[in-house]
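One structure is given here, and the rest of the page talks about it.
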Amino acid sequence: MPGVRALAASPELGPSRAYESHRYRLAQPVDLPPGSTFVPYLVASLPCQRLYRFRGGPVETVLKFVNSAAPLPAGEVTVYGEGGSLLIGAASIDHVPVGEEVTLAIGAAFDLTGSRTQTFHTKLSEELNRDGYRIVIRSAKEEPVVVEVVESLPGAWQITQSSLPFEQIDAHTVRFLLEVPAKGEVELTYTVEWGY
80 MPGVRALAAS PELGPSRAYE SHRYRLAQPV DLPPGSTFVP YLVASLPCQR LYRFRGGPVE
140 TVLKFVNSAA PLPAGEVTVY GEGGSLLIGA ASIDHVPVGE EVTLAIGAAF DLTGSRTQTF
200 HTKLSEELNR DGYRIVIRSA KEEPVVVEVV ESLPGAWQIT QSSLPFEQID AHTVRFLLEV
260 PAKGEVELTY TVEWGY
């Protein structure tokens, strides 16, 4: 499984508090020619959880880990596999304090595809609509996987029928977990009534 490379928590290079911010010290002075880019921080391997997410576009590969070492500065996190010799992907993060979970969407999953189709739309009244959706996740992987399907729902809504259980994440977002067999597919259908 890939590891996440993050700022090492060595005392001489680690962050120190600077009012409502953190200061990250370098081990030695660095010259920056105009137009250059330099990544000065040491890196460390962190265990992470890999999952897959579908939001209507390509199925994403997502890594999650808890930042347990030291505050992380905002910027790009680069993910490597095979002992650091294979670049897997990169994602940007905001400043992350110790103890917070970090979620990195590092790119499209190669062997997973998804499709989302609106199967019907009915206007029940001036203020109320009923929509049906069909989502299909296909896998060419050799092993079964779980894909998190995240759907954004407008206005005041209620799911009136669903072929699979769902979890409400916030006022306008639900999540379905689809168990996709190796070299197989799973279909999700649901009906939602919504209005403003």
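Its first residue numbered 80, the sequence shown is counted upward by one per residue in our numbering.
Where is the CB? At the ideal position from N, CA and C, for every residue including glycine.
Please report the straight-line C-alpha distance between Phe255 and Pro112, rounded to a whole angstrom.
49 Å
To the nearest angstrom, how far is it from the Cα of Leu105 to the Cα of Ser194?
47 Å
Consult DSSP for Gly168 and reduce its assignment to one of helix, strand or coil.
strand
Determine the contact status of Glu227 and Arg134, defining contact as a CB-CB distance below 7 Å.
no
Could you name the residues that DSSP lists as bridge partners for Asp190?
DSSP, once it has assigned bridges, lists no residue as partnering Asp190.
Applying the 10 Å Cβ sphere with the 16-neighbour rule, what's the burial state of Ile185?
buried
Whose C-beta lies closer than 8 Å to the C-beta of Asn208 among residues of the same chain, with five residues either side of it excluded?
His200, Thr201, Lys202, Glu272, Trp273 and Gly274
Around the C-beta of Val177, are 16 or more other C-beta atoms found within 10 angstroms, so that it is buried, or is it exposed?
Per the 10 Å Cβ criterion, exposed.
On the three-pair Cβ rule with 8 Å, is the region 219–233 touching the region 249–263?
yes
Return helix, strand or coil for Glu266, following the three-state DSSP convention.
strand
Three-state secondary structure (DSSP) at Val114?
Note that residue 114 is Gly in the sequence shown here, rather than Val. In this structure, Gly114 counts as coil in the three-state DSSP scheme.
Nearest to Pro233 by alpha carbon, out of Ala250, Ala219, Leu142 and Arg217?
Ala250
Using the DSSP secondary-structure output, state which residues sit across from Ala235 in a beta bridge.
Partner(s): Gly274.
Leaving out the 5 sequence neighbours to the left and right, which residues in its chain are closer than 6 Å to Arg102 when beta-carbon positions are compared?
Ser95
Return the chain-ordered list of same chain residues with a C-beta closer than 6 Å to the C-beta of Arg217, the five sequence neighbours on each side being excluded.
Only Thr192 and Glu264 meet the Cβ criterion.
Short of 7 Å in beta carbon distance, which residues of its chain neighbour Ser231, apart from the five on each side in sequence? Order them along the chain.
His251 and Thr252
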